[in-house]
Amino acid sequence: MFNAIRKRQHTLIISVSILAIFACILYFHTYTNSIDSAAKVASIYGRGITRTEAYRLSENYSLAVMLGLYDFLEMLGGRNGGPSMDDESATISEFALNQLIIQHEAKALAVAVPDRQVAQAIRKCSLFQKDGDFDVAKYREFIKKQLVPRAMNGRLLGNLFRNSLQAARVRRIVSGSVAISDQEVLRSFRVYQKEDLQVIKFDFPKYAAKARVTADQILELYTKEAENLRTPEARSVRYAVFKIPDEKRLLRGKARMSALQKVADQADAFMETLTKGRVPFEKAAEQAGAPVSTLPPFSDGLSDGGIFKELKRELPRLAHAISQLTKEHPYSDALEGVNNDRFYVLELLSVQPPRPLALEEARPRLQEILRTRAASKLIHEEGKAIVASIAKHLQKGKSFKEAAVLQGIKSEKISGIAPSSRASPEHSLYAEAALLLSPGEISALQKSNDGGAYAVFLTSRETIRSEEFARRKEELRAQLLQVKQTLLFCEWMRTAREAANIVYRVK
12 MFNAIRKRQH TLIISVSILA IFACILYFHT YTNSIDSAAK VASIYGRGIT
62 RTEAYRLSEN YSLAVMLGLY DFLEMLGGRN GGPSMDDESA TISEFALNQL
112 IIQHEAKALA VAVPDRQVAQ AIRKCSLFQK DGDFDVAKYR EFIKKQLVPR
162 AMNGRLLGNL FRNSLQAARV RRIVSGSVAI SDQEVLRSFR VYQKEDLQVI
212 KFDFPKYAAK ARVTADQILE LYTKEAENLR TPEARSVRYA VFKIPDEKRL
262 LRGKARMSAL QKVADQADAF METLTKGRVP FEKAAEQAGA PVSTLPPFSD
312 GLSDGGIFKE LKRELPRLAH AISQLTKEHP YSDALEGVNN DRFYVLELLS
362 VQPPRPLALE EARPRLQEIL RTRAASKLIH EEGKAIVASI AKHLQKGKSF
412 KEAAVLQGIK SEKISGIAPS SRASPEHSLY AEAALLLSPG EISALQKSND
462 GGAYAVFLTS RETIRSEEFA RRKEELRAQL LQVKQTLLFC EWMRTAREAA
512 NIVYRVK
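Structural data, given as structure tokens:
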């Protein structure tokens with residue numbers, strides 16, 4: 012069993028996720044129907060939506076995932092406001108209501124999908140294919156195993172495909188007027204043209220050294236943020252290790268998998284002993300022949316201890332695993348190490364709750380916050396003034412070099428870099444900042460990822476290479492068209508949602 016799980020872990024994760032969605036929907040359906048299936052959970056176009064209808068619409072989301080209707084999900088699954096919920100619930104909620112909006116708008120646009128097109132779409136679905144052809148047995152099996160248990164049938168499956176085709180047709184109608192001019196394609200080709208640049212950098216450390224923070228500023232910030240200044244929660248755990256014996260670590264192929272399977276079985280047996288609650292952790296580990304080590308209290312996955320760093324190398328998600336442990340559920344699952352030769356089982360020992368920080372404890376953090384703010388302000392003010400001054404000198408006919416000398420600054424020369432190049436992410440970033448510039452122009456001040464800033468002067472841009480342009484022209488046109496159509500459809504959906512007058516949780 013262990014071998015099968017390891018080989019198919021990605022597929023299992025996806026399957027479990029889908030089953031989780033099904034379970035949540037089924038629970039929601041059962042629970043809410045036991046209260047009042049006719050209760051209104053929302054209204055749209057002035058019409059109330061019952062819990063039962065909302066459940067049916069939400070089920071289409073999980074079905075669309077299973078059927079691979081990803082374009083349909085992308086069109087209708089985005090978040091456009093609504094109540095405060097977790098991301099997955101919000102996405103399903105929006106998808107459910109967006110179906111009603113598309114149906115409403117399709118009727119207004121006289122969009123109808125014939126039954127034969129629905130049948131064709133079902134036959135082409137990869138879930139029902141075998142050796143490139145439609146397999147009626149797979150279709151019937153899906154209905155039997157996935158739809159019937161949820162009181163659904165083939166007709167509802169057909170309606171989902173009909174909704175998908177209907178949404179695609181509405182999207183084509185809405186975005187059908189979009190066109191891409193040759194000039195737009197020509198401009199977009201700039202991402203492939205090499206540029207020669209001069210980059211002015213405003214390094215954060217330089218300005219941080221200049222920043223001054225007073226005791227009064229620290230006290231003022233402490234008073235303002237006292238409620239948020241707390242020590243992080245600290246946790247202590249111990250763990251048992253189940254590993255392949257040293258003499259078997261060099262095994263390969265089936266022999267290694269067999270040895271690892273044995274270790275996995277030992278870890279499973281240990282977990283079973285713990286869950287029964289009859290034997291303490293240390294005693295159970297001793298009986299299993301697994302060594303036990305203890306981690307001293309730590310917080311947020313940070314610790315200077317050597318034992319912690321060593322364990323974190325083996326378990327990169329160690330901090331997350333520990334954060335999931337509770338007093339009621341103190342044991343982790345068996346966690347496989349990165350070297351695939353051992354398993355770890357964690358036990359939560361103690362939790363030290365957060366407490367308010369005294370002023371002196373908070374001082375270093377507050378000082379760093381204030382220094383960062385002051386440095387950022389200096390960079391913005393000085394950088395903006397320097398860039399504006401250089402731009403004025405350029406307009407008066409001075410060269411970039413002359414303008415830079417007048418400001419007493421140095422620049423970095425970068426030659427032959429294209430925005431589409433990934434040879435140097437930093438240089439590509441500078442090239443992207445120059446995309447809208449013409450040779451001889453300087454960009455506005457741009458923020459850099461390290462807290463500093465920069466500005467880019469475009470010295471020259473290479474001439475368009477006709478052969479490459481001809482080769483990429485249609486590809487660029489198609490990409491631009493897709494982007495424009497998507498933006499137009501999203502804006503249309505936003506307007507349509509406003510017109511639908513959606514109200515949540517109608518009493």
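Residue 12 is where the sequence shown starts when you use the working numbering, and the numbers rise one by one after that.
No residue lacks a Cβ here, since even glycine has one placed at the ideal position from N, Cα and C.
Is DSSP giving Arg263 helix, strand or coil here? Taking the first residue of the sequence shown as 1, we reach residue 263 at position 252. In this structure, Arg263 counts as coil in the three-state DSSP scheme.
Is the distance from the Cβ of Phe172 to the Cβ of Ala132 below 8 Å? Here residue 172 corresponds to residue number 161 of the sequence shown, with the count starting at 1. Here residue 132 corresponds to residue number 121 of the sequence shown, with the count starting at 1. Cβ atoms of Phe172 and Ala132: closer than 8 Å.
For Ile397, which three-state DSSP category applies? By 1-based counting over the sequence shown, the position of residue 397 is 386. Ile397 falls in the helix class under three-state DSSP.
Would DSSP call Tyr150 helix, strand or coil? Reading the sequence shown from its first residue, position 139 is the one you call residue 150. It is helical.
Check whether the Cβ atoms of Asn170 and Gln110 lie closer than 8 Å to each other. The residue you call residue 170 lines up with position 159 of the sequence shown. The residue you call residue 110 lines up with position 99 of the sequence shown. Not a contact, by the Cβ cut-off of 8 Å.
Among Asp207, Tyr233, Phe139, Ala65, which residue has its Cα nearest to the Cα of Met77? Within the sequence shown, numbered from 1, the residue matching residue 77 stands at position 66. Nearest of Asp207, Tyr233, Phe139, Ala65 to Met77, Cα basis: Phe139.
Should Pro367 and Leu240 be called a contact, given that it needs their Cβ atoms to be closer than 8 Å? In the sequence shown, the residue the question calls residue 367 occupies position 356. In the sequence shown, the residue the question calls residue 240 occupies position 229. Contact flag set, yes.
Just the C-alpha distance for Asp279 and Thr286, rounded to the nearest angstrom, thanks. Along the sequence shown, one-based indexing puts residue 279 at 268. Along the sequence shown, one-based indexing puts residue 286 at 275. Their Cα atoms are separated by approximately 11 Å.
Would you say Asn381 and Val224 are within 8 Å of each other, going by their C-beta atoms? Taking the sequence shown and counting its residues from 1, the one referred to as residue 381 is at position 370. Taking the sequence shown and counting its residues from 1, the one referred to as residue 224 is at position 213. What sits at residue 381 in the sequence shown is Leu, not Asn. Yes, these two residues count as a Cβ contact at 8 Å.
Whole-angstrom distance between Leu158 and Ile428, CA atom to CA atom: The residue labelled residue 428 in the question sits at position 417 within the sequence shown. The residue labelled residue 158 in the question sits at position 147 within the sequence shown. So the alpha carbons of these two residues sit roughly 55 Å apart.
CA-CA distance, Pro216 and Asn350? To locate residue 216, count along the sequence shown from 1; it is residue 205. To locate residue 350, count along the sequence shown from 1; it is residue 339. Between Pro216 and Asn350, the C-alpha separation is close to 39 Å.
Where does Thr41 land, buried or exposed, given buried means 16+ other C-beta within 10 angstroms? Taking the first residue of the sequence shown as 1, we reach residue 41 at position 30. Caution is warranted here: a pLDDT of 41 is assigned to Thr41, below 50, making its placement in the model unreliable, and no coordinate value can be reported.
Go ahead and pull the three-state DSSP assignment for Lys388. Reading the sequence shown from its first residue, position 377 is the one you call residue 388. Reduced to three states, the DSSP call for Lys388 is helix.
With DSSP run on the structure shown, which of helix, strand or coil describes Gly165? For this step, residue 165 is matched to residue 154 along the sequence shown. Reduced to three states, the DSSP call for Gly165 is helix.
Ser431 beta carbon less than 8 Å from that of Tyr203: Walking along the sequence shown from the start, residue 203 turns up at place 192. Walking along the sequence shown from the start, residue 431 turns up at place 420. The answer is yes: Cβ separation under 8 Å.
If we count the other Cβ atoms within 10 Å of its Cβ and call it buried at 16 or more, is Ile475 buried or exposed? The sequence position of residue 475 within the sequence shown is 464, counting from 1. When all chains shown are included, Ile475 counts as exposed.
My assumption, with CB atoms under 8 Å, is that Arg530 sits in contact with Glu358. Please give the rounded CB distance. With the chain running from 12 to 518 in the structure shown, residue 530 is simply not present.
What are the residues that DSSP puts in a beta bridge with Tyr355? If you number the sequence shown from 1, residue 355 lands on position 344. Answer is Val252, Leu346.
Going straight from the alpha carbon of Ile513 to that of Ala65, what length do you get? For the purposes of this step, residue 513 is taken as the residue at position 502 of the sequence shown. For the purposes of this step, residue 65 is taken as the residue at position 54 of the sequence shown. About 13 Å.
Between which two residues does the beta strand (DSSP E) containing Ile55 stretch? Mapped onto the sequence shown, residue 55 falls at position 44. Unbroken beta strand (DSSP E) run through Ile55: 51 to 55.
Using the three-state DSSP reduction, which class does Ala190 fall into: helix, strand or coil? By 1-based counting over the sequence shown, the position of residue 190 is 179. Three-state result, Ala190: coil.
In chain order, what residues of the same chain lie with their CB nearer than 7 Å to the CB of Ala507, ignoring the 5 residues before and after it? Counting from one through the sequence shown, the residue named residue 507 turns up at place 496. If we look at Ala507 and ignore the five residues flanking it on each side, its Cβ neighbours are Ile112, Glu116.
Cβ atoms of Lys259 and Ala251: under 8 Å apart, would you say? Position 240 of the sequence shown holds residue 251. Position 248 of the sequence shown holds residue 259. No, the Cβ-Cβ distance between Ala251 and Lys259 is not below 8 Å.
Considering Tyr441, what are the terminal residues of the alpha helix (DSSP H) in which it resides? Numbered from its first residue, the sequence shown carries residue 441 at position 430. Its alpha helix (DSSP H) spans residues 436 to 444.
Can you give the Cα-Cα distance for Arg134 and Phe500, rounded to whole angstroms? Position 123 of the sequence shown holds residue 134. Position 489 of the sequence shown holds residue 500. One C-alpha to the other measures close to 28 Å.
Taking Ser69 as the reference, which of Leu167, Lys421, Tyr342, Phe145 has the closest Cα? The count along the sequence shown starts at 1 and reaches residue 69 at position 58. Nearest option by C-alpha distance: Leu167.
Check whether the Cβ atoms of Glu473 and Lys205 sit closer than 8 Å, and answer yes or no. The count along the sequence shown starts at 1 and reaches residue 473 at position 462. The count along the sequence shown starts at 1 and reaches residue 205 at position 194. Yes; because the gap between Cβ atoms is below 8 Å, this pair is in contact.
My output table needs one value for Thr102: the three-state DSSP class, helix, strand or coil. By one-based count along the sequence shown, residue 102 stands at place 91. Here Thr102 sits in helix by DSSP.
Check whether the segment 333 to 350 touches the segment 368 to 375, counting contact only when three or more Cβ pairs, one atom from each stretch, lie closer than 8 Å. no
Between Thr63 and Ala53, what straight-line distance do the alpha-carbon atoms span, to the nearest angstrom? In the sequence shown, residue 63 corresponds to position 52, counting from 1. In the sequence shown, residue 53 corresponds to position 42, counting from 1. Thr63 and Ala53: Cα-Cα distance of roughly 12 Å.
Simplified DSSP assignment, three categories, for Phe172: Reading the sequence shown from its first residue, position 161 is the one you call residue 172. Residue state, collapsed to three classes: helix.
Where does Leu329 fall in DSSP's three states? Here residue 329 is taken as the residue at index 318 of the sequence shown, counted from 1. In this structure, Leu329 counts as helix in the three-state DSSP scheme.
For my contact list, Glu452 and Leu469 are in at a C-beta cut-off of 8 Å; report their separation, rounded to the angstrom. Within the sequence shown, numbered from 1, the residue matching residue 452 stands at position 441. Within the sequence shown, numbered from 1, the residue matching residue 469 stands at position 458. Correct: roughly 6 Å between the Cβ atoms.
Which residues in the same chain as Asp276 place their Cβ atom closer than 7 Å to its Cβ, once the five residues preceding and following it in sequence are excluded? Counting from 1 along the sequence shown, the entry for residue 276 is found at position 265. If we look at Asp276 and ignore the five residues flanking it on each side, it has no Cβ neighbours.
Using the rule of at least 16 other Cβ atoms within 10 Å of the residue's Cβ for burial, across every protein chain shown, is Lys254 buried or exposed? Start at 1 with the first residue of the sequence shown, and residue 254 comes out as number 243. Buried is the call here.
Determine whether the beta carbon atoms of Gln335 and Ala245 lie at a separation below 8 Å. If you number the sequence shown from 1, residue 335 lands on position 324. If you number the sequence shown from 1, residue 245 lands on position 234. Their beta carbons are not under 8 Å apart, which means Gln335 does not touch Ala245 by this criterion.
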